[in-house]
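Here's the structure, in structure tokens; my notes come after.
Residue numbers (the working numbering): 7 to 389.
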């Protein structure tokens with residue numbers, strides 16, 4: 007159904023318009039964004055593109071890959087919309103190759119369906135080809151050595167829905183896997199790595215094009231041994247995820263990443279776990295018990311167990327604590343992640359021809375409404 011939305015401010019995010027109107031056609035694609043004619047009272051809100059979260063394990067009690075997958079997707083879809091998310095990528099892993107393969111096969115037909123809130127946009131395989139020395143929250147029993155045969159089976163089963171794969175470049179066989187991913191149009195993401203600078207640098211000049219949660223589960227930078235973090239900060243090409251949660255990354259480190267890579271290459275993610283959006287308590291993550299206390303998720307030994315961040319909170323964090331201008335912050339939450347998963351022609355910006363995925367924010371950057379393809383999927387305080 008065609009429609010229009012007059013607002014007091016619009017951030018596309020490539021330009022800022024005051025007293026603007028967004029219009030879309032019956033297919034939910036934007037036909038125009040420009041100054042309002044004055045015939046309709048604008049909503050007192052900031053209209054921005056819908057957030058695109060390309061790294062999340064779940065939230066609101068949902069754990070991707072477990073339970074009734076379709077019902078859990080519907081539940082997550084509605085909850086994600088309350089946080090301004092209109093597209094998300096499902097992060098999956100599992101205890102063995104067969105589990106991963108069956109999970110991928112189970113998700114493929116579900117990804118072709120339409121959901122009541124945010125829309126799933128694909129799959130992210132985080133592992134199992136990780137360095138156990140930098141396993142982070144991962145169950146050590148779920149980590150294995152890279153095998154091209156396994157990756158080929160997973161990618162073929164994904165039928166184009168696998169968007170990026172996290173693996174450590176120092177592992178034997180990792181470069182063969184990354185080369186295969188590059189040939190098939192899947193982003194090879196450097197992550198959970200304990201390698202040295204030179205190995206990481208060569209990987210990022212080769213088939214590794216993306217970084218999974220920069221700083222976290224990576225060998226740290228020293229001025230005589232820059233390691234993985236140094237290779238990322240000095241890279242001229244890669245895109246890099248940022249868990250915009252002060253428990254994971256200090257605001258000063260966020261600023262350093264933005265200054266080194268620029269706001270056109272940083273991607274805001276949540277890396278959220280099932281307890282995101284719920285009270286403190288005990289939850290399961292990657293086959294292990296995790297505990298959320300004061301919003302911080304960790305295992306019993308103190309290891310961080312994913313994040314409880316939401317995309318709207320992450321946007322506020324980068325804008326307020328890392329000091330990024332709001333249009334630049336929105337590039338990192340909308341435009342850049344859409345590019346990583348090859349959907350920048352469909353979503354990520356409020357420009358003609360793209361889907362009318364719109365979020366209305368208050369002046370304090372809280373979500374008032376969320377639209378996907380011109381249909382309102384969330385309104386604060388109910389319908």
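We put the CB at the ideal spot given by N, CA and C, even for glycine.
Using a Cβ distance threshold of 8 Å, residue 54 and residue 352 do not count as a contacting pair. Around the beta carbon of residue 142, 16 or more other beta carbons sit within 10 angstroms, so the residue counts as buried.
With distances taken between CA atoms, residue 261 lies nearest to 328 out of 328, 139, 383 and 58. Per DSSP, the continuous beta strand (DSSP E) segment holding residue 62 begins and ends at 57 to 62. Distance between residue 306 and residue 172, taken at the CA atoms: about 25 Å.
The beta-carbon distance between residue 246 and residue 320, rounded to whole angstroms, is 15 Å. This is too long to meet the 8 Å contact definition.
Counting only residues of its own chain and dropping the five nearest sequence neighbours on each side, residue 27 has a CB closer than 6 Å to the CB of 10, 12 and 42. Within the model, the alpha-carbon separation for residue 324 versus residue 74 is close to 35 Å. Residue 170: member of the beta strand (DSSP E) spanning 168 to 173, first to last residue. Within the same chain, 12 come within 8 Å of residue 47 by CB-CB distance, once the 5 residues on both sides are set aside.
With contacts defined by Cβ atoms closer than 8 Å, residue 160 and residue 107 form a contacting pair. Residue 89 holds the alpha-carbon nearest to the alpha-carbon of residue 374 among 177, 152, 24 and 89.
Note on the region 318 to 350: whole alpha helix (DSSP H) runs with a minimum of 4 residues are 332 to 336 and 342 to 346, in chain order. Secondary structure within the region 274 to 313: the beta strand (DSSP E) runs of 3 or more consecutive residues, fully enclosed, are 287 to 291, 294 to 299 and 302 to 304 (chain order).
For residue 155, the enclosing alpha helix (DSSP H) begins and ends at 154 to 164. The continuous alpha helix (DSSP H) containing residue 260 extends over residues 257 to 267. Runs of the beta strand (DSSP E) spanning 3 or more residues and lying entirely within the region 113 to 137 occur at 125 to 132, in chain order. Scanning its chain for C-beta atoms nearer than 6 Å, with the 5 sequence neighbours on each side dropped, one finds around residue 342 the residues 273, in chain order. Every alpha helix (DSSP H) stretch that sits fully inside the region 44 to 106 and reaches 4 residues is listed by chain position as 75 to 88. Going by beta carbons, residue 347 and residue 128 fall inside the 8 Å limit. Residue 314 is a Cβ neighbour of residue 278, given a cutoff of 8 Å.
Taking all protein chains in view, the Cβ of residue 120 is surrounded by fewer than 16 other Cβ atoms within 10 Å, so the residue is classified as exposed. Here DSSP, grouped into helix, strand and coil, assigns residue 381 to strand. Here the alpha carbons of residue 156 and residue 118 stand approximately 24 Å from one another.
For residue 191, DSSP records no beta bridge to any residue.
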